[in-house]
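A short write-up of the structure that comes next.
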Amino acid sequence: MPALPSDIAAALRPRMVVSSQDATIKTRFPSARDGSDDPAEGFFDSAADATTALAQRVALLGVTRRRFVVTVNDMIEITPGTVPTHRVIDAEQGLDASMLLSRLEVDLEQETTQLEYFG
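Throughout, our numbering is defined as the position within the sequence shown, counted from one, plus 1226.
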């Protein structure tokens, strides 16, 4: 099927970049990557659609999150297919929160478990 003139016109539109910045996060983490060198790719018909999608992305990713690695001197069994959360307390870092288990490494030889939490 040949391309229609409307299809060709849409393909020849100039590129549009929509961005969002949070001054609080930029002040708190001045050397953090901001993604401007390699922006997330998206295809939208209008800037309003892109802005709506960007607002949803910022709501998910634009929050300060931290990672913690915990080593347990025992083997822990996690049921496959579940996404467990645990309460992580670290007085030195000022943390007392429920965090999502993002990585699990079981060392059968040493009988230890290493957990990585994200939240």
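Ideal Cβ placement from N, Cα and C applies to all residues, glycine included.
Spell out the partners DSSP gives residue i in its beta bridges.
i     : result
L1341 : V1296 and L1330
D1316 : L1321
T1311 : L1326
How is residue i classed by DSSP in three states: helix, strand or coil?
i     : result
V1244 : coil
L1321 : strand
R1239 : coil
S1257 : coil
L1280 : helix
A1266 : coil
T1305 : coil
T1290 : coil
S1272 : coil
Report yes if the C-beta distance between residue i and residue j is below 7 Å; otherwise report no.
i     : j     : result
T1311 : L1326 : yes
T1339 : V1298 : yes
M1301 : E1331 : no
F1344 : R1293 : yes
To the nearest angstrom, report how far apart residue i and residue j are at their CA atoms.
i     : j     : result
L1341 : R1329 : 6 Å
A1279 : I1251 : 20 Å
V1314 : V1284 : 25 Å
G1320 : S1232 : 57 Å
D1316 : T1308 : 25 Å
D1275 : A1281 : 10 Å
R1291 : T1277 : 23 Å
A1323 : L1238 : 50 Å
With a cut-off of 7 Å, does the C-beta of residue i fall near any C-beta of chain C?
i     : result
L1326 : The displayed structure is made up of one protein chain only, and chain C is not part of it.
Within the present structure, is the beta-carbon of residue i separated from the nearest heavy atom of the ligand FAD by less than 6 Å?
i     : result
L1326 : The ligand FAD is absent from the structure shown, which contains no ligand whatsoever.
Does the structure place the region 1240-1252 close enough to the region 1266-1282 that three or more beta carbon pairs sit under 8 Å? Three or more pairs of CB atoms, one per stretch, sit closer than 8 Å, so the region 1266-1282 contacts the region 1240-1252.
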